[in-house]
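Notes to accompany the following structure.
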Amino acid sequence: MPTVEELYRNYGILADATETAGQHKDAYQVILDGVKGGAKEKRLAAQFIPKFFKHFPELADSAINAQLDLCEDEDVSIRRQAIKELPQFATGDNLPRVADILTQLLQSDDSAEFNLVNNALLSIFKMDAKGTLGGLFSQILQGEDIVRERAIKFLSTKLKTLPEEVLTKEVEEFILAESKKVLEDVTGEEFVLFMKILSGLKSLQTVSGRQQLVELVAEQADLEQTFNPSDPDCVDRLLQCTRQAVPLFSKNVHSTKFVTYFCEHVLPNLSALTTPVEGLDIQLEVLKLLAEMSSFCGDMEKLESNLKKLFDKLLEYMPLPPEEAENGENAGGEEPKLQFSYVECLLYSFHQLGRKLPDFLTAKLNAEKLKDFKIRLQYFARGLQVYIRQLRLALQGKTGEALKTEENKIKVVALKITNNINVLIKDLFHIPPSYKSTVTLSWKPVQKADANQKRTSEDTTSSSPPKKASAGPKRDARQIYNPPSGKYSSNLGSFSYEQRGGFRGGRGRGWGGRGNRSRGRIY
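When we follow UniProt numbering, the leftmost residue of the sequence shown carries the number 1, and every step to the right adds one.
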């Protein structure tokens, strides 16, 4: 084993030789042997080996392996020095291997060491992005779980920091191709991270790019498979995938496949849905996703059939007025509960799809059903008026901090919900029913472009639906409604597309526990 003095002497030989250093193979071999010495010798070797690496291609494997031994040394300062120098080995065909090594070193629990690995990966990214990605994806596909997890997080956080000249179209195409391989076997959390990675790529910001992403999500959602409402993982998988798809939909990228699946398979099983996420109103969550998607639904094959399913589900939440006893009071003694949050979602979805078949209520329903629906609408609208007045009175004069209390936040959202329902009900009371009004869903931020529309909707909420549709004797709203009995979700204003919980157990195809790939060091 060489001493410190011998290492310096051989370093001098190579340094003095400059471009002819390659002729002094023995001197370089002495430096390589320095990794077998003590702490001082190892520290010098960690610096000298990479400095002259390019002059000895025939010793490339020995040099890289020697440096790797130092990357695994017990002395943290030696490890850090060795890792810091690794990018100097990333030349030509060696770069993917160095990227692979650095990816494995992401499993370090030493924060300084971990940061050095990150910086080293970023530096070789700028030398050859495709080669670096090859090493990263190799470990994502075949490495240990901790390495896979950290490699995915590295991509999700660092890719967006790289300049355009590094992330070329060719590089982005490589990321997409490799990501598709990974998506054949992912957990729910990994899927969310990969959607974040892919949706951030410039080449996928186009209409055709977003369409590709929607198709990827649809494949993950397994929309061809039978839906099992009693399987929490099946339900959670569908919701997570749908949350990833919703931001991608637009007037040019349609949600038809998802809306069709929700109408045909999910709505009929709404009450049977189960979820592994504690405290989540799974039915409301599903209805909110359907409402958001319905705005971007294209031509649907079974439109009338699916509109009927949506209509039938809406009726479940639109009660008939309670029967009156002879003294004019309610015979049952209890008012029906008006579940405004559910009705906003269902009514909005029906209103959006109804535009595609405007004669559904008049030509596709018999007269008795239409009359029944109008009675339900009018009863609901009367209750709305009372509640809207109460909410406005409760919020009157409140500004700033006063509106930030939990109670008032809920009231503000409740007012948005009731205003929205009122506008939509008025449209359906037109003869024939109209589908022209536009509203912003209560949990969505109001866009500046919607300012005029917002004023319009608020101005129209103070009056009741047209009296022409009134069925039976007139009654005072106070006789038939005991507000507040509506159902609200306290987190309506903070709906998030992020994952709401992990996946449990087997995922079937691609959403279960990944196999144990622990294979030790595979440098």
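Each residue gets a CB set at the ideal place from its N, CA and C atoms; glycine is no exception.
In the displayed model, Gln81 falls within a helix according to three-state DSSP. In this structure, the alpha-carbon of Phe249 lies about 11 Å from that of Val259. Excluding five sequence positions before and after Lys404, none of the CB atoms of its chain fall closer than 6 Å to its own CB.
Met127 carries a helical assignment under DSSP once its states are collapsed to helix, strand and coil. Annotated as proximal: Glu85 and Gln67, with beta-carbon spacing under 9 Å. The count of Cβ pairs closer than 8 Å, one atom from the segment 335-342 and one from the segment 395-410, stays below three, leaving the stretches out of contact. In its chain, beyond the 5 residues on either side, Ala99, Ile124 and Phe125 have a beta carbon closer than 6 Å to the beta carbon of Thr132. Per DSSP, reduced to three states, the secondary structure at Ile431 is coil, with no helix or strand assignment.
If the five residues before and after Ser156 are omitted, its C-beta is found closer than 6 Å to the C-beta atoms of Leu193, Lys196 and Ile197, all from its own chain and listed in chain order. The Cβ atoms of His254 and Phe296 sit closer than 9 Å to each other.
A straight line joining the alpha-carbon of Gln283 with that of Ser230 spans about 13 Å. Rounded to the nearest whole angstrom, the CA to CA distance from Gly200 to Leu106 is 23 Å. DSSP places Phe48 in the uninterrupted alpha helix (DSSP H) bounded by Ala39 to Lys51.
Just measuring C-alpha positions, the residue of Asn366, Lys371, Cys71 and Tyr387 sitting nearest Gln47 is Cys71. Sixteen is the threshold: when 16 or more other Cβ atoms of the shown chains lie within 10 Å of the Cβ of Thr418, as they do, the residue is buried. Take Ile425, set aside five residues on each side of it, and the residues of its chain with a beta-carbon closer than 8 Å to its own are Leu347, Leu377, Phe380, Ala381, Leu384 and Pro465, in chain order. In the three-state reduction of the DSSP assignment, Met293 falls in the helix class. A Cβ-Cβ contact shorter than 9 Å links Phe137 with Val182. For Thr3, the closest C-alpha among the options Asp26, Gly38, Thr18 and Tyr28 is that of Gly38. Closest option to Ile388, judged by alpha-carbon separation, among Lys371, Val412, Lys309 and Pro358: Val412. If you draw a straight line from the Cα of Glu323 to the Cα of Asp427, it comes to about 27 Å. Counting along the chain, no alpha helix (DSSP H) covers Ser230, and no H or E run does either. Boundaries of the alpha helix (DSSP H) harbouring Met195: Gly188 to Ser199, taken from the DSSP string.
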